[in-house]
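Participant: Residue numbers (my numbering), protein chains in the order written: chain Y, 1 to 648; chain U, 1001 to 1259.
Every residue, glycine too, gets a C-beta built ideally from N, C-alpha and C.
Keep in mind that this is a model prediction, so the values were computed, not measured.
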Amino acid sequence: MEEKLNSKVPAGPLAEKWTKHKAAIKVVSPANKRKLDIIVIGTGLGGASAAATLGELGYNVKIFCISDSPRRAHSIAAQGGINAAKNYQNDNDSIYRLFYDTIKGGDYRSREANVYRLAEVSNLIIDQCVAQGVPFARDYGGLLDNRSFGGAQVSRTFYARGQTGQQLLLGAYASLNRQIAKGTVKSYPRHEMLDLVIINGEARGIIARDLVTGEIKRFGAHAVVLASGGYGNTYFLSTNAMNSNGSAAMQCFRKGAYFANPCFAQIHPTCIPKHGEQQSKLTLMSESLRNDGRIWVPKKLEDVERLRKRQVKASQIPEEDRDYYLERRYPAFGNLVPRDVASRAAKERCDAGFGVNETGLAVFLDFRSAIERLGQKTIEARYGNLFQMYEKITDVNPYEEPMMIYPAIHYTMGGIWVDYNLQTTIPGLYAIGEANFSDHGGNRLGASALMQGLADGYFILPYTIGDYLSHKIKESKQSTDTPEFEATEKAVRDKIAKIFAIKGKRTVDSIHKELGNIMWEYVGMSRNEAGLKKAIGLIDDLRKEFWSNVYVPGEPGEFNPEIEKAVRLVDFIEIGSLMAHDALNRQESCGGHFREEMQTEEGETKRDDVNYAYVSAWEYKGDGVTPELHKEPLNFEFVTPSTRNYKD
Amino acid sequence: MNFTLKVWRQKNAKTKGHFETYQVSNISPDTSFLEMLDILNDQLISEGNDPVAVNKGCKNSGPIAFDHDCREGICGMCSLYINGHPHGPDSLVTTCQLHMRKFKDGDTITIEPWRSAGFPVIKDLVVNRGAFDQILQAGGFISVNTGGAPDANATPIAKDKADESMDAAACVGCGACVATCKNGSAMLFVSARVSSLALLPQGKIEGARRAKAMVAKMDELGFGACTNTQMCQMECPKGITISHIARLNREFLCAKLKD
């Protein structure tokens, strides 16, 4: 194995690794922490919790977000919940079971030690959030309530109505505000990182653009933490917020950080179907709905026809003519199979002609049995805001007619490669939350993104970064008046000037939509060799189209959303290409990555543990140049990878 | 559907603004309000790049700047004063969840930024809501460091209290309450945070200090006083009620009496 890809997983029994590792970490004294500067990019659950905790510890922290306030970060949109191994329901849950479900759910493409640590700190997160005043759902006795999520047979998901991400983020944001008031954290809202500054091989600062004035600024630090989220918007249409982007990560990639498993993107089964070409984004309907909702399509094609012509309503189709296909195919888990499995099953039915709307790309999520069993009041209390949101968007009342849903891009498991300390291949650069690749393998389980963001930010990074910073206590404040800052700033200015100078014919969005179509068609829910090769070619053409025919109005030195989008699109194009290369290389089906050539007779994924039990870590070689593949082998010491079976 | 749009245009905080009129056509009723603005912006970008139109004296100030992000009603980033209502004519939604089917074909729609001294305009329809961050920094938190928290079930909390706390915590910090208030008061926003924390045993401990600090910061930043017009609860996209203002007032008065 290459030295650069040393995972630094500590030796010893699984359950003792983190404890032993922590004991071996050098700590920094309070007097020295005050002298050390840390930059955190992004203020979602990962960034906000890390910045707040680092501030509490006494470091000097600077946080950057592209929105007008840290509270807007896309973590806020997470609906369903957060997992923890509390076993409050006495259903025989444990740290080991959460670890096992997560590593199995990820189709054995993540590191055992990382996933175990995640499960281990999960309980602390719930304690922390309650102490911060997060109003989790409670039972009449005053204790915390739980619900179930896909890929698990226990109830371990803590929730705050359908707004769990919002409440957890507001908790982290409150802790952050406390530190901002104390002066340990300085906040830079409406600032976007446009490049990473490397000095002597180490991350020592960033170049950022003030999105209000257009000013290009330099910031130095002893370490940089990337918490900028995922790259789902490569597909243009996704459940990600409009401004979510992969640019900060791509700048790090360009500067030498390896990008791991880029092809692992999660397609969420329960989103509101696309309605037209002008659509700007897709809306998720929480996975928690699958606790009580049953997914079906008609058994008979003539019913499908009548539905599409609106001659019949879904509620009029009798029980015996409904195909509850998840319950049929996966009796043990039923409607609660993991997301990748549920998404593919929906695609399979729609491809077979059973899609229930005009576009043929929708299935039903039906609450009739639950309403009959529990009453509308209970359903309202559980999912009221989601039902309201559905009705506002579609103009259909889901208490009367089933919801229509279809899979959509939702989350990216791939990300910047990190070792056990969450450090990237660039010393001094760390990546946390969705921005890294570490814990979810080929598929993330529901309610685990919030868990990972907060685990990294509250309980892991603040410890591991100390190990690096303890060697920096003699280094004074990083000056931004160095040749490296000078050169990096110039490169950023040149890039922006170059984009403005094109003055072509096409809007940024039109090119982005074209990229999205290529990605969804060839690098989407199912992939094959010919399609992936075609996608790489099409993306090459699109790159040329961008650099010769994009039009960005206005000036660089002003509030200008079009230049923001253009700069991000440059990176989305590279990510798209990178994803296609990775998907082409990985000739196996696992998790969210389904290669048509590799499937069982029943159409299930066929993993190849002999040839592909590794993390693919890609090294940048230039825009449009095939990146170089490095491999980190995955060793399973404690669990035996098996075929994921959700049938029995 | 076709619409006439009267949109507030303002180059930056230092210049004076004005209304400009635009036409959009062939809009599907399923289009969201912000998607309709996307379509208009596409139009404006293409026109601005068209030498024929520019030579004909096309008065194009470029695409319209507006804030938006999640487009599912939770991030609080979108704003817009539409036909005299923050977040438009529909109730309990943010602008991003408003759909064109709520308007009539041929309607003239007036679009303005949040109108409040506390929220200066940055450009066109984008305003600076940094004051909300500052108010929360003054005390909108529970003073607890990471680690060392007791077990989450150590302190039971009555379900109705937790639910009411959640009702208040649903605030997305969009600023509609301030924008609609004739006094430009931020009381609903401040009270939502104070009330949400005051209802929980964890937040009770520093309740008095919190109420005083947040109200003082709100006053300092130039937000007006509350005169109980109740416009804020009428327009709040998250249905937050003025009962939380009552709780804030109680917290504040009790705190002041103890001084």
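Please say whether ASN245/Y and ARG339/Y have beta carbons closer to each other than 8 Å?
Facilitator: Contact flag unset, no.
Participant: Check CYS1232/U in the structure and name its three-state DSSP category.
Facilitator: Helix at CYS1232/U.
Participant: Given a limit of 8 Å on CB to CB distance, which residues of the region 36-70 of chain Y reach chain U?
Facilitator: Taking 8 Å as the Cβ-Cβ cut-off against chain U, the residues of the region 36-70 of chain Y that qualify are SER49, ALA52, THR53, GLU56, SER67, ASP68, SER69, PRO70.
Participant: Going by DSSP in three states, ARG161/Y sits in which element: helix, strand or coil?
Facilitator: In this structure, ARG161/Y counts as coil in the three-state DSSP scheme.
Participant: Does PHE1132/U come within less than 8 Å of chain Y when only Cβ atoms are used?
Facilitator: Closer than 8 Å to some Cβ of chain Y, the Cβ of PHE1132/U qualifies, so yes.
Participant: What distance in whole Å lies between the Cβ atoms of LEU301/Y and GLN251/Y, which are believed to be in contact at a cut-off of 8 Å?
Facilitator: Not really, about 50 Å apart at Cβ, beyond 8 Å.
Participant: To which residues of the same chain is CYS65/Y closer than 6 Å at the C-beta, ignoring the five residues directly before and after it?
Facilitator: For CYS65/Y, where only same-chain residues beyond five positions count, the Cβ hits under 6 Å are THR43, PRO189.
Participant: Under 8 Å Cβ-Cβ, which residues of chain Y neighbour GLN1137/U?
Facilitator: Correct list: ASN177, ARG178, ILE180, ALA181.
Participant: If we ignore side chains and look at the alpha-carbon of each, how far apart do HIS593/Y and ARG527/Y end up?
Facilitator: Approximately 8 Å, taken between the alpha carbons.
Participant: Could you pull out every residue in the same chain whose Cβ sits closer than 6 Å to the Cβ of PHE387/Y, ignoring the five residues on either side in sequence?
Facilitator: Here the set comprises PRO398.
Participant: CB-CB under 7 Å to ASN585/Y, same chain, minus the five flanking residues each way: which ones, in chain order?
Facilitator: So the qualifying residues of the chain are SER616, LEU629.
Participant: Against chain U, does THR270/Y count as a neighbour if the rule is that its beta carbon must be under 8 Å from one of theirs?
Facilitator: Chain U contact via Cβ: absent.
Participant: Under 7 Å between beta-carbons, which chain U residues line up against ASN658/Y? List them in chain order, please.
Facilitator: Outside the shown range of chain Y (1 to 648) lies residue 658/Y, about which nothing can therefore be said.
Participant: Determine the direct distance from the alpha carbon of PHE572/Y to that of ARG506/Y, and round the result to whole angstroms.
Facilitator: One C-alpha to the other measures close to 17 Å.
Participant: Between which two residues does the alpha helix (DSSP H) holding PHE459/Y run?
Facilitator: Here PHE459/Y belongs to no alpha helix (DSSP H), and DSSP marks it neither H nor E.
Participant: Taking 7 Å as the limit between beta carbons, can you name the residues of its chain near THR488/Y, skipping five residues before and five after?
Facilitator: Closer than 7 Å at the Cβ level, and outside the excluded window around THR488/Y, lie ASP195, VAL197, ILE207.
Participant: Using beta-carbon positions only, say whether ALA227/Y and GLY46/Y come within less than 8 Å of one another.
Facilitator: Contact: yes.
Participant: Use the C-beta contact count for HIS440/Y: other C-beta atoms within 10 angstroms, 16 or more gives buried, fewer gives exposed.
Facilitator: Flag for HIS440/Y reads buried.
Participant: For the region 325-357 of chain Y, list every residue whose C-beta sits within 8 Å of some C-beta in chain U, in sequence order.
Facilitator: Within the region 325-357 of chain Y, no residue has a Cβ that lies closer than 8 Å to any Cβ of chain U.
Participant: Determine the chain Y residues that contact GLY1073/U at a beta-carbon separation under 7 Å, and present them in chain order.
Facilitator: Result: MET389.
Participant: At the level of alpha carbons, what is the spacing between ARG72/Y and ALA1213/U?
Facilitator: Roughly 24 Å between the two C-alpha positions.
Participant: Comparing C-alpha positions only, which one of GLY1239/U, THR1031/U, GLY1073/U, VAL1052/U sits nearest to GLN166/Y?
Facilitator: Nearest option by C-alpha distance: GLY1073/U.
Participant: Spell out a yes or no on whether the region 1147-1160 of chain U and the region 1216-1223 of chain U are touching, meaning 3 or more CB-CB pairs, one atom from each, closer than 8 Å.
Facilitator: Short answer: they don't touch.
Participant: Residues of chain U with a CB under 9 Å from the CB of LYS392/Y: which are they?
Facilitator: The answer, in chain order, is GLY1073, ASP1090, LEU1092, VAL1093, GLN1097, LEU1098, HIS1099.
Participant: Please list the segments of the alpha helix (DSSP H) lying wholly inside the region 455-529 of chain Y, counting only runs of 4 or more residues, in order along the chain.
Facilitator: Within the region 455-529 of chain Y, the complete alpha helix (DSSP H) runs of at least 4 residues are 461-469, 483-502, 508-522.
Participant: Pull up the distance between the alpha-carbon of ALA1161/U and that of GLN79/Y, whole angstroms please.
Facilitator: The question names Ala, yet the displayed sequence has Lys at residue 1161/U. Computed Cα separation, rounded: 21 Å.
Participant: Going by other Cβ atoms of all chains shown within 10 Å of its Cβ, with 16 needed for buried, is ARG34/Y buried or exposed?
Facilitator: So ARG34/Y counts as exposed.
Participant: Just mark ASN1041/U as buried or exposed, buried being the case when its beta carbon has 16 or more other beta carbons within 10 Å.
Facilitator: Buried is the call here.
Participant: Using only alpha-carbon positions, find the residue among LYS503/Y, LEU450/Y, GLY428/Y that is nearest to HIS471/Y.
Facilitator: For HIS471/Y, the nearest C-alpha among the options comes from GLY428/Y.
Participant: Identify the contact partners of VAL212/Y in chain U, using a Cβ-Cβ distance below 7 Å as the criterion.
Facilitator: The contacting residues are ILE1122.
Participant: Give me the Cα-Cα distance between ASN335/Y and ALA174/Y, rounded to the nearest whole angstrom.
Facilitator: One C-alpha to the other measures close to 36 Å.
Participant: Tell me which residues share the same chain as LEU1284/U and place their Cβ nearer than 6 Å to its Cβ, disregarding the 5 neighbours each side in the sequence.
Facilitator: Nothing can be reported for residue 1284/U: it is not among the residues displayed for chain U, which extend from 1001 to 1259.
Participant: Anything in the region 518-551 of chain Y with a Cβ closer than 8 Å to a Cβ of chain U? List those residues in chain order, please.
Facilitator: Here the close residues are TYR551.
Participant: Go to THR412/Y, then tell me how far its beta strand (DSSP E) extends in each direction, as first and last residue.
Facilitator: Residues 403-412.
Participant: Going along chain Y, which residues have a C-beta under 7 Å from GLY1140/U?
Facilitator: The contacting residues are ALA174, ASN177.
Participant: Looking only at its chain, what residues have a beta carbon closer than 7 Å to the beta carbon of PRO1063/U, apart from the 5 residues adjacent to it on each side?
Facilitator: Result list for PRO1063/U: ASN1041, LEU1044, ILE1045, in chain order.
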